[in-house]
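First to last, the sequence lines map onto chains A and B. Residues in the first sequence are numbered consecutively from 21, following this note's numbering. Residues in the second sequence are numbered consecutively from 21, following this note's numbering. Think of the CB as a built atom: it goes at the ideal place given N, C-alpha and C, for glycine as much as any other residue.
Protein chains: 2
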Amino acid sequence: MHKRGIGWPRRPAPAGEAGGEEPDITEDRLIPEATVARLPLYYRALLEIADQSTTVSSEQLAELAGVTAAKVRKDLSFLGSYGTRGVGYDVEHLVREVSRELGLTHDWPVAILGVGNLGRALANYRGFSARGFRVVALVDTDPATVGTRVGDLAVEPVEALPALVADRRVAIGVIATPAESAQAVADRLVAAGVRAILNFAPTVVVVPPGVSLRKVDLATELQILSFYQQHDRRTRDAARV
Amino acid sequence: MHKRGIGWPRRPAPAGEAGGEEPDITEDRLIPEATVARLPLYYRALLEIADQSTTVSSEQLAELAGVTAAKVRKDLSFLGSYGTRGVGYDVEHLVREVSRELGLTHDWPVAILGVGNLGRALANYRGFSARGFRVVALVDTDPATVGTRVGDLAVEPVEALPALVADRRVAIGVIATPAESAQAVADRLVAAGVRAILNFAPTVVVVPPGVSLRKVDLATELQILSFYQQHDRRTRDAARV
DNA sequence: CGGTGTGAAGCCTTTCACAGCA
DNA sequence: TGCTGTGAAAGGCTTCACACCG
């Protein structure tokens, strides 16, 4: 078992927004991006089911995660063959494998850049800590905001970023600044050694190869909904990748 | 020109999360979902460029939107052939066409459900109003929150939802409740006649066919970044669809 | 039996490359 | 000449369907 599929992609070759090429380095069995994007859904579903059952079928997991059973099986087959035919998957084992794969056994300290409405909300958002992401630094450029407290963190000036990143081992930067400042902040993050960025600012941010970037654009989401309203079509599964 | 491509999909058949089938109704030239998801990017880019130039090439637009020029041309060819060979696209004209296609010439009043940290931040978020989405109602179940004001809106009890939706013509519901309440709130929205929902709660929400649903899960985004950190791969373009 | 694991098929999306037009 | 518009090719993802095994 676990033969590494033909008829299933081998090398998604993910390209950073900066879009440079680079030689293939990493391990053999590469998990497709679409699958990676669904692992958090499975993880969430598995935690929900954990105190109700010790095993789970692809069918059940699919329902809880809001996807199809075939997808679940294909996706999970990538982590290895952890299911038992005729029975299903062992929930506990699967939780372990998925969280290992997602890197949730590590600690990834988060810094939030830009402490306006959104930044403050993110800093207080329980969903982050609930899923193991600790916010360890808040940064802003506005002198009036610097020094104020949000929860038990003080807002620091952006000049302190390199020290903060180093001292607190910041692994992920969350950009919650206005669009105009986003690129500059991203550059500072990268310069400070941060290699993963989540951008909430409604603008394109470019990062060098080797830095991961994802974006969330709230107004864009509404505009997409608006399109489908206007056209009497439904949005799809919203799988988001 | 404008021959409606072979070698380019005809019927994306978008399925709601509820996943029911339904007969094809709508218009002829169907815009692929991937294209729809990029229209907001082009729209943003076009507004940026509008006061610098009257025309724009696919190359320039691609750079500003963070995509490839081939994509821009393919995507725009769907709205009709609005470019001029050897010159590019007329910015003003394109803005008009894209915003018409996105339904931005209409008004889509927004209700926010759940006025916690996130809900409050969304209510104050300038990015919504800046792009023409007016927040017209705030709803919460907590008696302590109901009656308080956020900006110039009072928080209303969830029982008032049907009246609010009717009176204020709410077209889009934004769910910012805890996971436990999300499905119930979605059901109420649907019952009240809302046919577009943006879900921020970290849980699967099911809606009947005919209702559009998109989701934004903040912790999921961090987990995806975590995966790529752990695996020394980069996230891709983060195109998000 | 029941449910996983997976080739194969089909579909959608991206990319290529160039004909054709202003 | 320069850039759009678009067939065609390539790539990736989803779905199907069933062999296989506990």
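Across the structure, residue 141 of chain B and residue 105 of chain A are spaced so that their CA atoms are roughly 47 angstroms apart. Residues of chain A with a Cβ closer than 7 angstroms to the Cβ of residue 213 of chain B do not exist; the shortest Cβ-Cβ separation is about 12 angstroms. Taking one beta carbon from each stretch, the region 238 to 249 of chain A and the region 162 to 172 of chain A have fewer than 3 pairs nearer than 8 angstroms; the two do not touch. Proximity of chain A to residue 168 of chain B at the Cβ level (cut-off 9 angstroms) is not reached, the minimal Cβ distance being about 16 angstroms. Across the structure, residue 128 of chain A and residue 152 of chain B are spaced so that their CA atoms are roughly 36 angstroms apart. Secondary structure at residue 51 of chain A: coil, using DSSP grouped into helix, strand and coil. Counting only residues of its own chain and dropping the five nearest sequence neighbours on each side, residue 109 of chain A has a CB closer than 8 angstroms to the CB of 75, 76, 77, 78, 81, 96, 102 and 103. 7 angstroms or more divides the Cβ of residue 138 of chain B from the Cβ of residue 117 of chain B. With fewer than 16 other CB atoms across the displayed protein chains lying within 10 angstroms of its CB, residue 200 of chain B is exposed.
Residue 246 of chain B reaches chain A at 122, 123, 124 and 128, counting residues in chain order whose Cβ is nearer than 7 angstroms. Pairing residue 111 of chain A with residue 73 of chain A, the inter-Cα distance amounts to about 8 angstroms. Setting aside the 5 residues that flank it on each side, residue 85 of chain A is surrounded in the same chain by 61, 62 and 65, each with a C-beta closer than 6 angstroms to its C-beta; the list follows chain order.
Between residue 203 of chain A and residue 225 of chain A, the gap from beta carbon to beta carbon is short of 7 angstroms. With 16 or more other Cβ atoms inside 10 Å of its own Cβ, residue 130 of chain B counts as buried. For residue 216 of chain A, no alpha helix (DSSP H) encloses it; the enclosing beta strand (DSSP E) starts and ends at 216 to 219. Residues of the region 179 to 192 of chain B that bring their beta carbon within less than 7 angstroms of a beta carbon in chain A comprise 191 and 192, in sequence order.
Per DSSP, residue 248 of chain A is one residue of the alpha helix (DSSP H) stretching across 238 to 251. In the three-state DSSP reduction, residue 56 of chain A falls in the helix class (H, G or I).
Within the DSSP secondary-structure output, residue 133 of chain A pairs in a beta bridge with A:159 and A:195. DSSP, reduced to helix, strand and coil, places residue 212 of chain A outside both helices and strands of the structure shown, so it counts as coil. Chain B places a beta carbon closer than 7 angstroms to that of residue 232 of chain A, counting this residue as a contact. Taking a beta-carbon distance threshold of 7 angstroms, residue 216 of chain A counts as an interface residue toward chain B. Taken through DSSP and simplified to helix, strand or coil, residue 66 of chain A comes out as helix. When C-alpha distances from residue 180 of chain A are compared across A:132, A:114 and A:148, the shortest belongs to A:132.
Counting C-beta pairs with one atom in each stretch, the region 192 to 199 of chain B and the region 214 to 222 of chain B have three or more that are closer than 8 angstroms, which means they touch. Assigned with DSSP and collapsed to three states, residue 99 of chain B falls in coil, not helix or strand. Along the region 80 to 94 of chain B, going in chain order, the ones with a CB nearer than 8 angstroms to a CB of chain A are 84, 85 and 86.
The beta carbons of residue 59 of chain B and residue 247 of chain A sit about 7 angstroms from each other, so the pair counts as a contact at 8 angstroms. Among the residues of the region 137 to 164 of chain A, those with a Cβ less than 9 angstroms away from any Cβ of chain B are 137, 138, 139, 140, 141, 142, 143, 144, 145, 146, 147, 148, 150, 151, 152 and 153, in the order of the chain.
Note on geometry: alpha-carbon atoms of residue 227 of chain A and residue 221 of chain B lie some 29 angstroms from one another. For residue 126 of chain A and residue 223 of chain B, the gap between their C-alpha atoms comes out near 23 angstroms.
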